[in-house]
Amino acid sequence: MDELSKSVALNAGILSAELRDKGLPSLDDESFPVSFPLLSPEGSRARFELISAALDIVRLASGPSEFLGNLSLQGFELNTIGTMIKLGVPQQIPLDGSVSLRSLAQYAQVEEQLFTRLVRYSIAVGFLSEKTPGQISHNSASSVCVRDQNTTDSILSNLNVANPASVKMVEALKLNPTGTDASKTPLSVAFAQSLDGAEKLGTMWDFLRDHPEEEVRFHNSMAATHSTSIYSCEHVARGFDWNQVKSIVDVGGSEGHVSMAIVNSYPHIKSTVQDIGEVVASSRQQLPAQYKQAIEFIEHDFFQPQPVQADAYILRFILHNWSDEEAKRIIGGFLPVLKPGVRVLIIEHVVPEKGTVPLYVERIVRNMDVTMFGLLAGRERTAQDYASILSSVDGRLKLKGSTCPDGSVVTILEFIVE
């Protein structure tokens with residue numbers, strides 16, 4: 001505990017000083033940026049170490065029984081905040097003012113005493129504020145639900161889809177003990193449909209197709225996640241020497257944010273962004289004018305042979321959605337273009353060896369690993385796992401380098417065709 005408390009004091013000081021230098025408001029102020037700002041390497045390391053030490057302190061100071069008890073009740077924490085969001089409470093509170101509990105209860109059509117209990121539990125968890133008794137205002141967390149729809153949709157997607165799936169892991173493991181069948185995941189079990197007296201199981205893609213409102217939330221949640229500092233596209237631009245290549249293909253690159261970040265710093269780059277037809281059509285229209293000479297969009301199914309020859313191919317958050325066999329199929333699509341010197345850049349959460357990264361980073365990576373199992377029968381992998389997958393498809397593909405930029409939780413693995 002003594003060493004942890006020293007770590008908290010040291011790193012809190014470093015982080016606070018950098019935030020002051022940036023002229024940012026208090027961390028709990030409703031005007032604090034929705035996404036934590038990009039920091040210097042020292043500031044980024046301090047932030048990760050501070051959170052990691054705080055997590056350990058809470059665990060140790062709670063003691064085993066209280067720690068597990070509190071952990072087991074976090075579902076109520078999440079769902080109480082979710083109730084506030086689903087009732088539309090944050091939108092009724094001005095960013096620079098407050099509203100009475102009575103008025104909010106009337107709006108929500110919930111009995112005032114019960115509503116007050118739910119609000120005050122939300123406040124105790126860290127959502128909303130009550131600076132004056134009976135008057136509810138925003139803090140930095142709750143204000144996000146007013147300022148950023150994508151983050152709000154991310155919370156709702158987790159509540160409506162990931163949360164029900166998370167409680168069906170045992171049932172799914174009995175059906176699918178290897179975790180590789182995408183139609184028998186915890187999500188499949190959670191949303192199984194009864195058909196002629198039997199359960200009909202499907203993949204997450206089946207579920208989203210049948211629930212278009214959740215499909216919209218899912219895509220918005222991806223946008224919210226990738227707008228945060230730990231997933232910033234700037235890390236991709238800074239984490240690799242793009243002077244080594246002139247042309248790139250961003251596979252499954254959605255709206256082209258990664259390509260835009262790269263082109264901003266390396267204007268000589270020409271990028272082809274590939275995705276499904278409807279994404280390509282909308283992305284072409286939305287592409288800012290300054291990128292139209294450098295970035296083009298084409299429709300492509302990454303299970304099919306790659307039609308574009310380039311110096312480097314980017315797969316960012318693609319392979320973790322799929323089992324090893326499906327990942328090999330995706331890499332197999334590159335065989336027609338794998339000439340000597342061509343690079344394949346895998347940009348994913350790379351599972352670290354124990355103790356090599358801050359606890360906070362490891363928790364994020366391992367959370368995503370289990371989430372991939374729960375939703376898609378995918379997985380996060382070690383660098384060696386990726387090396388094995390790529391070399392099994394083409395033995396000439398060799399792992400040349402691995403970089404996790406400061407402030408990022410994502411690693412860039414550089415493979416090159418020898």
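Sequential numbering of the sequence shown, starting at 1, is according to the UniProt record's numbering.
We put the CB at the ideal spot given by N, CA and C, even for glycine.
Note that this is a predicted model, so its numbers are computed, not measured.
Going by Cα to Cα distance, which pick from A17, T228, L208 is closest to H219?
Position 219 of the sequence shown holds residue 219. Nearest option by C-alpha distance: L208.
Count the other CB atoms, across all protein chains shown, that sit within 10 Å of the CB of D275; report buried if there are 16 or more and exposed otherwise.
For the purposes of this step, residue 275 is identified with residue 275 of the sequence shown, where counting begins at 1. By the 10 Å Cβ count, D275 comes out buried.
For D275, which residues does DSSP report across the bridge?
Start at 1 with the first residue of the sequence shown, and residue 275 comes out as number 275. According to DSSP, D275 bridges with E299.
Reducing DSSP to helix, strand and coil, say where A61 ends up.
If you number the sequence shown from 1, residue 61 lands on position 61. Here A61 sits in helix by DSSP.
Since V263 and S271 should fall inside the 8 Å C-beta cutoff, what is the C-beta to C-beta distance between them, to a whole number of angstroms?
The sequence position of residue 263 within the sequence shown is 263, counting from 1. The sequence position of residue 271 within the sequence shown is 271, counting from 1. V263 to S271, Cβ: 7 Å. Contact.
Assign H268 to buried or exposed, taking buried as 16 or more other Cβ atoms, counted over all protein chains shown, within 10 Å of its Cβ.
Here the question's residue 268 lines up with position 268 in the sequence shown. Answer is exposed; the Cβ neighbour count stays below 16.
Please list the segments of the beta strand (DSSP E) lying wholly inside the stretch 224 to 300, counting only runs of 3 or more residues, in order along the chain.
The qualifying runs are 247 to 251, 270 to 275, 295 to 299.
Mind pulling the alpha helix (DSSP H) runs of 4 or more residues that sit fully within the stretch 98 to 139?
You should have 101 to 108, 112 to 125.
Is it buried or exposed, R316, if we count other Cβ atoms within 10 angstroms and call 16 or more buried?
Locating residue 316 in the sequence shown gives position 316, where the first residue counts as 1. Per the 10 Å Cβ criterion, buried.
Do you know offhand how far A327's Cα is from Q293's?
As a first step, residue 327 must be located in the sequence shown, where it is residue number 327. As a first step, residue 293 must be located in the sequence shown, where it is residue number 293. So the two alpha carbons sit approximately 32 Å from each other.
Distance, Cα to Cα, Q290 vs M260?
Taking the sequence shown and counting its residues from 1, the one referred to as residue 290 is at position 290. Taking the sequence shown and counting its residues from 1, the one referred to as residue 260 is at position 260. Their Cα atoms are separated by approximately 10 Å.
Would you call M368 buried or exposed, if buried means 16 or more other Cβ atoms sit within 10 Å of its Cβ?
On the sequence shown, residue 368 is found 368 positions in, with the first residue counted as 1. Flag for M368 reads buried.
Quick check on the burial criterion: 16 or more other C-beta atoms within 10 angstroms. Buried or exposed for V60?
To locate residue 60, count along the sequence shown from 1; it is residue 60. Before going further, note that residue 60 is Leu rather than Val in the sequence given. Classification for L60: exposed.
Do M169 and G374 have their C-beta atoms closer together than 8 Å?
Locating residue 169 in the sequence shown gives position 169, where the first residue counts as 1. Locating residue 374 in the sequence shown gives position 374, where the first residue counts as 1. The answer is yes: Cβ separation under 8 Å.
Reducing DSSP to helix, strand and coil, say where T203 ends up.
Translated into the one-based positions of the sequence shown, residue 203 becomes position 203. The answer is coil: DSSP assigns T203 none of H, G, I, E or B.
Identify the continuous alpha helix (DSSP H) that holds T80 and give its terminal residues.
Along the sequence shown, one-based indexing puts residue 80 at 80. 74 to 86 is the span of the alpha helix (DSSP H), which, as asked, contains T80.
Which one of R47, V370, P305 has the shortest CA to CA distance from P358?
One-based indexing of the sequence shown puts residue 358 at position 358. When only C-alpha atoms are compared, the closest one is R47.
Residues in the same chain with beta-carbon distance under 7 Å from S44, minus the five sequence neighbours each way, listed in chain order, please.
In the sequence shown, residue 44 corresponds to position 44, counting from 1. Excluding sequence neighbours, S44 sits near D406, G407.
Check for me: the beta strand (DSSP E) holding G401 runs from which residue to which?
Along the sequence shown, read from residue 1 onward, the residue named residue 401 stands at position 401. Start and end: 397 to 403.
Quick test of your reading: F36 and M84, contact by CB under 8 Å. State the CB separation rounded to the nearest angstrom.
Looking up residue 36 in the sequence shown gives position 36. Looking up residue 84 in the sequence shown gives position 84. Not really, about 22 Å apart at Cβ, beyond 8 Å.
Would DSSP call F36 helix, strand or coil?
On the sequence shown, residue 36 is found 36 positions in, with the first residue counted as 1. F36 falls in the coil class under three-state DSSP.
Could you tell me which residues DSSP pairs with A312 in its beta bridges?
Locating residue 312 in the sequence shown gives position 312, counting from the first residue. Paired residue(s): I248, R343.
In terms of residues, what are the limits of the alpha helix (DSSP H) holding F373?
Position 373 of the sequence shown, counted from the start, is the residue given in the question as residue 373. Per DSSP, F373 belongs to the alpha helix (DSSP H) from 359 to 376.
Any idea if L27 is buried or exposed, counting beta-carbon neighbours within 10 angstroms, 16 or more meaning buried?
Sequence index remark: in the sequence shown, residue 27 carries index 27 (1-based). L27 should be labelled exposed.
So for R379, helix, strand or coil by DSSP?
Residue mapping note: residue 379 aligns to position 379 of the sequence shown, counting from 1. Three-state result, R379: coil.
For R343, does the count of other Cβ atoms within 10 angstroms reach 16, so buried, or fall short, so exposed?
On the sequence shown, residue 343 is found 343 positions in, with the first residue counted as 1. That one is buried.
Please name the residue in S31, A53, L24, D29 whose C-alpha comes closest to that of L39.
As a working mapping, residue 39 is identified with position 39 in the sequence shown. Ranking S31, A53, L24, D29 by Cα distance to L39 puts L24 first.
Would you say the stretch 324 to 341 touches the stretch 299 to 307, given that touching needs at least three Cβ pairs under 8 Å?
Segments in contact, yes.
So that I know if they touch, is there some Cβ in chain C lying closer than 8 Å to that of N150?
As a matter of chain content, chain C is missing from the structure shown, which is built from one protein chain.
Measure from the alpha carbon of C404 to the alpha carbon of each residue in Q286, R20, E348, N243, then state which is nearest.
The sequence position of residue 404 within the sequence shown is 404, counting from 1. Here the closest residue by C-alpha is E348.
So what does DSSP say about L413, is it helix, strand or coil?
Within the sequence shown, residue 413 is the residue found at index 413, counting from 1. In the structure shown, L413 sits in a strand (DSSP, three-state: E or B).
In terms of alpha-carbon separation, which member of A172, W242, K200, I155 lies closest to A224?
Within the sequence shown, residue 224 is the residue found at index 224, counting from 1. Taking only the C-alpha atoms, the option nearest A224 is I155.
Using the Cβ count rule (16 or more neighbours within 10 Å means buried), how would you classify N176?
As a first step, residue 176 must be located in the sequence shown, where it is residue number 176. Buried, because 16 or more other Cβ atoms sit within 10 Å of the Cβ of N176.
Mind checking who Q193 pairs with in its DSSP beta bridge?
Against the sequence shown, residue 193 aligns to sequence position 193. According to DSSP, which records beta bridges pairwise, Q193 is partnered with K200.
Assuming A17 is part of the alpha helix (DSSP H), what are its boundary residues?
The residue given as residue 17 occupies position 17 in the sequence shown. Looking at the DSSP string, the run of the alpha helix (DSSP H) that includes A17 is 2 to 21.
For L4, I'd like the list of residues in its chain whose CB is within less than 7 Å of its CB, leaving aside the five on either flank, ordered along the chain.
Numbered from its first residue, the sequence shown carries residue 4 at position 4. Around L4: A53, D56, I57.
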